[in-house]
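Read through the structure below, which is laid out as structure tokens, and then see the notes.
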Amino acid sequence: MDWYRLLSRFRANGWMVAIHNDYKLNGTPMTFWLLTHPSGRFVKGEGETDEIAILECQAQMKNRFEGYLAMTDAAAMQKYTLILPVVMEGFPDAHHVFLQVMNQRFCVSPHGCDTLEDAKWLQDQLCIALVKIVGDSK
Numbered sequence: 384m385d386w387y388r389l390l391s392r393f394r395a396n397g398w399m400v401a402i403h404n405d406y407k408l409n410g411t412p413m414t415f416w417l418l419t420h421p422s423g424r425f426v427k428g429e430g431e432t433d434e435i436a437i438l439e440c441q442a443q444m445k446n447r448f449e450g451y452l453a454m455t456d457a458a459a460m461q462k463y464t465l466i467l468p469v470v471m472e473g474f475p476d477a478h479h480v481f482l483q484v485m486n487q488r489f490c491v492s493p494h495g496c497d498t499l500e501d502a503k504w505l506q507d508q509l510c511i512a513l514v515k516i517v518g519d520s521k
């Protein structure tokens with residue numbers, strides 16, 4: 384998985400980029416990333432490329448928090464969601480997001496998402512909510 388998609392998955396699971404700096408250390412280009420989570424957790428990564436720094440953040444999540452496992456759980460919830468295109472005047476890439484459990488389907492975007500990217504973001508948020516609901520029910 385490329386680092387940009389990995390960063391997108393972090394964001395979909397509540398992580399936010401607090402700081403991202405590009406700088407030179409003794410003439411060598413470097414990058415620094417600090418990611419924070421609403422729960423108060425943080426990870427930081429540093430290296431000669433964004434990929435190295437983001438992978439370092441991922442390693443810290445795996446070693447220090449259950450956040451990486453929650454991301455995996457949220458991805459597993461995608462089987463309960465569905466994205467379908469919808470016809471909306473002026474929005475050629477519009478989509479609806481659905482919660483689908485067995486033969487029941489519930490639209491969670493009644494006014495539609497303007498783009499597929501917006502629909503995927505909403506789907507990620509729905510998956511995170513499903514993980515929270517399951518966790519709270521235990």
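Each residue of the sequence shown is one higher than the one before, starting from 384 at the first, in the numbering used here.
The beta carbon of each residue, even a glycine, is placed where N, CA and C say it ideally should be.
Since this is a predicted model, take the numbers as computed values, not measurements.
> In this structure, what does DSSP give as the bridge partners for E429?
Replying inline: F415
> For I437, is the classification buried or exposed, using 16 other Cβ atoms within 10 angstroms of its Cβ as the cut-off for buried?
Replying inline: So I437 counts as buried.
>> Taking 8 Å as the threshold (C-beta atoms), are W504 and E434 in contact?
In response: no
> Does the Cβ of T464 have 16 or more other Cβ atoms within 10 Å, making it buried, or fewer, making it exposed?
Replying inline: Burial of T464 is indicated by the presence of at least 16 other C-beta atoms within 10 angstroms of its C-beta.
> For K515, does the three-state DSSP call read helix, strand or coil?
Replying inline: helix
> Is it true that the CB of P412 sits closer than 8 Å to the CB of G397?
Replying inline: no
>> Measuring alpha carbon to alpha carbon, tell me which residue in K427, L389 and C510 is nearest N404.
In response: When each option's Cα is compared against that of N404, the closest is K427.
>> Measuring only the C-alpha atoms, how far is P475 from I402?
In response: 35 Å
> For M444, does the three-state DSSP call read helix, strand or coil?
Replying inline: helix
> In terms of residue numbering, what span does the alpha helix (DSSP H) encompassing A395 cover?
Replying inline: Its alpha helix (DSSP H) spans residues W386 to A395.
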